[in-house]
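Taking the numbering used here, the leading residue of the sequence shown gets 6, the next gets one more, and so forth. The block underneath contains the structure these notes are about, expressed in structure tokens.
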Amino acid sequence: MTKYNIENLKNISSKNKNILVKKVFSDVYKDYDLMNDIMSFGFHRVWKKQIFELISPSANDTFLDLAGGSGDISKLICKKFPNNKCILVDSNKKMIEIAKGKLSGTSIKFKCASAEKLPFRNKEFNFIIVAFGLRNFTDMKLSLKEIFRVLKKNGSFICLEFSEVNNSVTKKMFEAYLNLIPFLGKIFVNNYDAYKYLAESIKIFPNQIELTKLINNSGFNKVDCFDLLDGIASIHIGVK
């Protein structure tokens, strides 16, 4: 048993998952960028850039970088759309401090809040982006409803997340790699347990079709899905 008690992770209660996720990210926040490199072979940097090839914001559009972590998405927003308003939200205060350092001198605003209870009025944002954060939300369905609530009409929700591999050879390789991830966590940052949770969270996450249904059921009119690297990851875009 790991110190995070991830047994039966698929059926974990919202309360226990909240405690679990807080513990994990309080342990890994200093090595968050390295963690993403390990989890995605470094491809997360390319995949995050691909998000912005799929959207075309206007000058006055506002962004919410939800579960913004160390600020990669907000940094890309600043680079590509320097005049657009962006707020980074994360539930981990330590992670926000890392992001503030990375985004020093920018116009990005920061808030510490959970996705299940966003501190914003209805219809406030044109774009809400969640990159590798959705599977860590305490209550995914409630979070999606909150995202829908604070999104403007015709606004877009963009989710980048690990998915179900659609190539048999790639799938076997990726499954083997997921089993290796905890050991890499032990080698590089001396934390087997946190990386065990992260690998298991990928294994139980809804596949592309299931996630599309979840987003649709949250009220979105149209949902498109774009597979990346044989479906190791995918980008879902839901339009309100």
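Even for Gly, the Cβ is constructed at its ideal location relative to N, Cα and C.
Taking the beta strand (DSSP E) that residue 170 belongs to, which residues open and close that run? Translated into positions along the sequence shown, residue 170 becomes position 165. Unbroken run through residue 170: none, as it is neither H nor E.
Are three or more beta carbon pairs between the stretch 189 to 201 and the stretch 72 to 82 nearer than 8 Å? No, the stretch 189 to 201 is not in contact with the stretch 72 to 82.
So, residue 162 versus residue 225, is the Cβ gap smaller than 9 Å? Translated into positions along the sequence shown, residue 162 becomes position 157. Translated into positions along the sequence shown, residue 225 becomes position 220. Going by beta carbons, residue 162 and residue 225 fall inside the 9 Å limit.
Can you list, in chain order, the stretches of the alpha helix (DSSP H) that have 4 or more residues and sit fully within the stretch 32 to 59? Those alpha helix (DSSP H) runs which fall completely within the stretch 32 to 59 and span 4+ residues are 37 to 45, 49 to 56.
Are the stretch 53 to 66 and the stretch 92 to 112 touching, with three or more C-beta to C-beta distances below 8 Å? Contact check between the stretch 53 to 66 and the stretch 92 to 112: fewer than three CB pairs, one atom from each, fall below 8 Å, which does not count as touching.
So, for residue 15: in the same chain, excluding its five sequence neighbours on each side, which residues have a beta-carbon less than 7 Å away from its beta-carbon? Taking the sequence shown and counting its residues from 1, one reaches residue 15 at position 10. 209.
Identity of the residues DSSP links to residue 136 by a beta bridge: By 1-based counting over the sequence shown, the position of residue 136 is 131. 165, per the DSSP bridge assignment.
Bridge-paired residues (DSSP) for residue 225: For the purposes of this step, residue 225 is taken as residue 220 along the sequence shown, with counting starting at 1. DSSP, once it has assigned bridges, lists no residue as partnering residue 225.
Can you tell me where the beta strand (DSSP E) holding residue 238 begins and where it ends? Start at 1 with the first residue of the sequence shown, and residue 238 comes out as number 233. Taken as a continuous stretch (DSSP letters only), the beta strand (DSSP E) holding residue 238 covers 238 to 244.
Apart from the five residues just before and just after residue 244, which ones in its own chain have a Cβ nearer than 7 Å to its Cβ? Residue mapping note: residue 244 aligns to position 239 of the sequence shown, counting from 1. Cβ neighbours of residue 244 beyond the five flanking positions: 159, 161, 225, 226, 227.
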